[in-house]
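Sequence positions in the sequence shown follow UniProt numbering and run 1 to 110.
Virtual Cβ for every residue (Gly too), placed ideally from N, Cα, C.
Okay, so here's the structure we're looking at.
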Amino acid sequence: MAADKAQDQDFLEFVVKSIVANPNDVTTERVVDERGVLLSLSINPADMGYVIGRRGQTAQAIRTLLKIVGAKNNARVNLKINEPEGSQRPPRRERATAEVDTTSVDDLKI
1 MAADKAQDQD FLEFVVKSIV ANPNDVTTER VVDERGVLLS LSINPADMGY VIGRRGQTAQ
61 AIRTLLKIVG AKNNARVNLK INEPEGSQRP PRRERATAEV DTTSVDDLKI
């Protein structure tokens, strides 16, 4: 099992260090429980965009590759990306139904 341990964690570190601007700030933690393997990733706050990608596509691709590495070793591998200290993620846009202008259709008798 020791060889399996190194594979998924080393793979994650290799991929992430290859795409970030501050590879020395990349750290991972590996926890195994009854649900499988959980890899926690910590990176420099400035590199968050590189790892997440546009609309989360890069993070999703990394998760997919980790699942393949895990399947090869009969393990379920999940990835948690730790949010950096002091991170100020912009709030998600909520659907503003109250702000929609409906005056153009108010007179329709439907």
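Do residue j and residue i have their beta-carbon atoms positioned less than 8 Å apart in this structure?
i, j, result
"V77", "G49", "no"
"L28", "S18", "It is worth fixing the name first, because residue 28 is Thr in this sequence and not Leu. Cβ distance not < 8 Å, so T28 and S18 don't count as in contact."
"A46", "N22", "yes"
"V69", "F11", "yes"
"L79", "R63", "yes"
"A59", "I81", "yes"
Along the chain, where does the beta strand (DSSP E) containing residue i start, and where does it finish?
i, result
"V51", "Taken as a continuous stretch (DSSP letters only), V51 belongs to no beta strand (DSSP E), being part of the alpha helix (DSSP H) at M48 to I52."
"E29", "T27 to D33"
Report the rounded CA-to-CA distance for residue i versus residue j, giving the unit in angstroms.
i, j, result
"A2", "G56", "Low per-residue confidence applies at A2: pLDDT is 45, beneath 50, and the placement is therefore not dependable enough to give any value."
"K67", "T103", "51 Å"
"I43", "D107", "55 Å"
"V32", "Q7", "14 Å"
"Q9", "N24", "16 Å"
"V16", "V26", "7 Å"
"E34", "A71", "16 Å"
"A30", "V20", "The question names Ala, but residue 30 in the sequence shown is Arg. Straight-line Cα distance between these residues: approximately 20 Å."
"V75", "F14", "What sits at residue 75 in the sequence shown is Ala, not Val. Approximately 19 Å between the Cα atoms of the pair."
Grouping DSSP H, G and I as helix and E and B as strand, with all else coil, what is residue i?
i, result
"D8", "helix"
"I68", "helix"
"N44", "coil"
"N78", "strand"
"V20", "coil"
"A96", "Legend: pLDDT at A96 = 49, less than 50; position of this residue unreliable, value from coordinates given subsequently. Residue state, collapsed to three classes: coil."
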